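Enquirer: Right, I'll just put the structure down here and ask away after.
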Amino acid sequence: MSSPSVCPPALTAVERIAAIRAIVAAARDRGERVGLVPTMGALHAGHLSLMQAARNECDFVVATIFVNPKQFGPQEDFRKYPRDLATDLRLCAEAGVDAVFHPPTEEVYPPGFTSFVEMGGLSEVLEGRFRPGHFRGVATVVLKLFQMVPADCAYFGQKDYQQQAIIRRMCGDLNVPIEIRVCPTIREPDGLALSSRNVFLNEAERKAALSLSRALHLARQKISEGATDLHVVRDEMRQLLNSTPTVHADYATLVDPDTLEEIATVLPRQVAVVAARVGVTRLIDNLIIEK
Ligand code: PAF
30 MSSPSVCPPA
40 LTAVERIAAI
50 RAIVAAARDR
60 GERVGLVPTM
70 GALHAGHLSL
80 MQAARNECDF
90 VVATIFVNPK
100 QFGPQEDFRK
110 YPRDLATDLR
120 LCAEAGVDAV
130 FHPPTEEVYP
140 PGFTSFVEMG
150 GLSEVLEGRF
160 RPGHFRGVAT
170 VVLKLFQMVP
180 ADCAYFGQKD
190 YQQQAIIRRM
200 CGDLNVPIEI
210 RVCPTIREPD
220 GLALSSRNVF
230 LNEAERKAAL
240 SLSRALHLAR
250 QKISEGATDL
260 HVVRDEMRQL
270 LNSTPTVHAD
280 YATLVDPDTL
290 EEIATVLPRQ
300 VAVVAARVGV
310 TRLIDNLIIE
320 K
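Add 29 to the 1-based position in the sequence shown for this note's numbering, that's all there is to it.
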């Protein structure tokens with residue numbers, strides 16, 4: 030089913046699995062390379078950069094817009110997550126997306142749905158400790174989207190570092206025939222990583238939110254100055270966050286880029302990761318640091 034009232038003329042937008050499958054099958058029959066950009070809508074320049082990368086590397090670009098209830102905990106912001114389909118469709122059209130799949134919840138999770146992807150390992154650390162069940166929901170919906178939209182390539186942001194690691198692991202473990210591309214985090218000029226949740230920040234919180242990227246840069250600076258004991262660096266990152274009014278760090282640490290395990294000493298390559306509540310808005314960010 031297309032959405033004639035909100036869908037810009039150059040874009041096909043469909044809500045049904047059968048419709049998007051037919052569209053993708055036709056593109057593949059034409060010999061086109063299909064790129065997929067899964068999103069939850071509330072699109073910003075970060076999403077548009079994924080669409081741009083897909084546009085550059087693929088012949089046919091599909092974006093999905095689905096706020097996945099299974100990846101939100103009971104106390105999380107599923108209900109108030111920003112939604113604006115008309116604007117999102119216009120942005121997709123402007124970004125050169127060919128087709129948008131925006132299914133209703135019951136199309137993705139029909140009555141009686143009971144099957145989930147359980148990841149273990151990578152999904153249990155960092156975000157997994159603070160958002161139990163989150164990655165079970167993410168992995169499940171992403172695998173389902175890969176089945177519904179059989180693309181050659183799918184695009185994710187480095188901003189969600191753990192998410193992309195989990196999706197890559199899932200595709201390897203379950204032999205999912207899709208190439209995962211990870212694109213750089215897009216930031217505001219002052220360093221704040223773009224996130225659909227930034228709209229919830231008031232002026233003071235918006236300033237306070239800069240403490241996340243500052244904590245990451247502090248880690249990079251300390252390592253480049255020769256720090257070797259990462260426990261000390263971690264404490265300094267945490268202190269920077271928690272000394273900022275309205276900011277409460279959930280974690281601020283350095284991890285192995287592949288296993289996501291906390292590291293005690295500097296590696297040739299590590300990831301600084303932070304998660305903090307700024308007022309009531311929870312934000313995450315990360316920075317790859319090479320020695
Ligand atoms: O990163 C997101 O927007 C979501 O977690 C994703 C990958 C679209 C799954 O719902």
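Yeah, the Cβ is synthetic: ideal placement off N, Cα and C, and Gly gets one too. Since we're looking at a predicted model, the values are computed, not measured.
(1) Which of the three DSSP states is assigned to T288 in this structure?
(2) Going by beta-carbon coordinates alone, are S242 and D127 separated by less than 9 angstroms?
(3) Assuming A282 and R263 make a contact with CB atoms under 8 angstroms, what is their CB distance in whole Å?
(4) How close, in whole Å, do the beta carbons of L155 and Y280 come, if the pair is a contact with beta carbons under 8 angstroms?
(5) For I195, which residues in the same chain have their Cβ closer than 8 angstroms to its Cβ, ignoring the five residues on either side in sequence?
(6) Going by C-alpha to C-alpha distance, which of A47, E61, V146 sits closest to L203?
(7) Relative to the C-alpha of T288, which residue among L270, T41, R198 is closest?
(8) Return the residue from the list L118, A248, Y184, E135 that minimises the CA-CA distance to A39.
(9) Of the residues V178, I215, K236, V295, which one's Cα is nearest the Cα of R57?
(10) Is V146 close to the ligand PAF? I mean its beta-carbon at under 8 angstroms from any heavy atom of the ligand.
(11) Tell me whether V228 is buried or exposed, calling it buried when 16 or more other Cβ atoms sit within 10 Å of its Cβ.
(12) Checking the sheet assignment: what are the DSSP bridge partners for E84?
(13) Suppose only complete runs of 3+ residues qualify. What are the beta strand (DSSP E) ranges in the stretch 57-120, listed by chain order?
(14) What first and last residue would you give for the beta strand (DSSP E) that runs through C182?
(15) May I have the straight-line CA-CA distance separating N1 from Q104, to the nearest angstrom?
(16) In the DSSP assignment, what are the bridge partners of C212?
(17) Measure from the alpha carbon of L312 to the alpha carbon of each residue in E136, A48, Y190, then state which is nearest.
(18) Looking at the ligand PAF, does it come within less than 8 angstroms of F327, judged from the CB to the closest heavy atom?
(19) Using CA atoms only, rank isn't needed, just tell me which of I49, H277, A248, G308 is closest to T294.
(20) Hey, would you say A244 sits closer than 9 angstroms to T310, going by beta carbons?
(21) When burial is assigned at 16 or more other CB atoms within 10 Å of the CB, is A82 buried or exposed?
(22) What does the Cβ neighbour count give for K320, buried or exposed, with the cut at 16 atoms within 10 Å?
Expert: In short, the structure shows the following:
(1) coil
(2) no
(3) Strictly speaking, residue 282 in this sequence is Thr, with Ala absent from that position. Contact holds; Cβ gap of about 5 angstroms.
(4) 6 angstroms
(5) M148, L151, S152, F164, V167, A168
(6) V146
(7) R198
(8) L118
(9) V178
(10) no
(11) exposed
(12) In the sequence on display, residue 84 carries Arg and not Glu. The partner list for R84 (beta bridge, DSSP) is empty, contrary to what the question assumes.
(13) 63-68, 89-94
(14) 182-186
(15) The chain is shown from 30 up to 320; residue 1 falls before or after that span and cannot be answered.
(16) G186
(17) Y190
(18) The chain is shown from 30 up to 320; residue 327 falls before or after that span and cannot be answered.
(19) A248
(20) no
(21) buried
(22) exposed
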